[in-house]
Every structure is written in C-alpha cells, then in structure tokens.
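Take a look at the structure below.
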Amino acid sequence: MTKDDYLKRLRRIEGQVRGLQRLVDDDTYCIDVLTQISAVTSALQSVAVGLLDEHLRHCVTEAVAESHPDASDKIAEATKAIERLVKS
C-alpha cells in the first residue's frame, strides 16, 4: 500500500469513529455500538499490520541485507512492535 492508501483508510476509520460518537449521542443500543467498535478496532489493526509488513519488507530487510550495524536494532524494534500489536 502507498502512503495515500494508508491515509484513505485512516480517514475512513476517522469517519467510523465520528459515527460511533453519534451512536453514543443518540443512545443507540449498546450491542450495536460494541459491534461498530469492533469494526473500527479491526480496521486499525489491519492498518497496523500493513505498516508492520512494510517495515519488515523494507527497513529491516534492507538493514540485514546490507549488513548495517543497526540491523539487530531494527529486528528488536520490529519485535517490540509485534508485541504491542499482540497485546492490543
């Protein structure tokens, strides 16, 4: 995905969050609100996984392939990012 693709997806998610605010403001049935929250959460996770994939394919792979001294730092950084995603 390109930067523009990510921005489009994030804008769509932003719209979903505004929709959530309206649902709460309108006293929408709790289960319906929770369903929409789940959809937003999944959309954000999808963006995060895409960004992580890009990072691994480009930044980490490049650092390892070129034997940069910071290659192990890039791997550790990616591992921590994966840990944060798994926890969320």
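Counted from 1, the sequence shown has number 44 at position 41 by our numbering; the numbering is strictly sequential.
The beta-carbon is built from N, C-alpha and C at its ideal position, and this holds for glycine as well.
Residue i (DSSP reduced to helix, strand or coil)
i     : result
Val69 : A quick correction: the sequence has Glu, not Val, at residue 69. Coil, per DSSP.
Asp30 : coil
Ser45 : helix
Thr5  : coil
Supposed contact pair residue j and residue i - C-beta distance, whole angstroms, cut 8 Å
i     : j     : result
Val43 : Leu23 : 7 Å
Ala66 : Lys77 : 5 Å
N- and C-terminal bounds of the alpha helix (DSSP H) containing residue i
i     : result
Thr82 : Ala74 to Lys90
CA-to-CA distance, residue j to residue i, given in whole angstroms
i     : j     : result
Ile85 : Leu55 : 8 Å
Val52 : Gln39 : 20 Å
Leu88 : Glu80 : 13 Å
Ser91 : Ser45 : 11 Å
Minimum Cβ-Cβ distance from residue i to chain D less than 8 Å
i     : result
Leu10 : Here there is only one protein chain, and chain D is not present.
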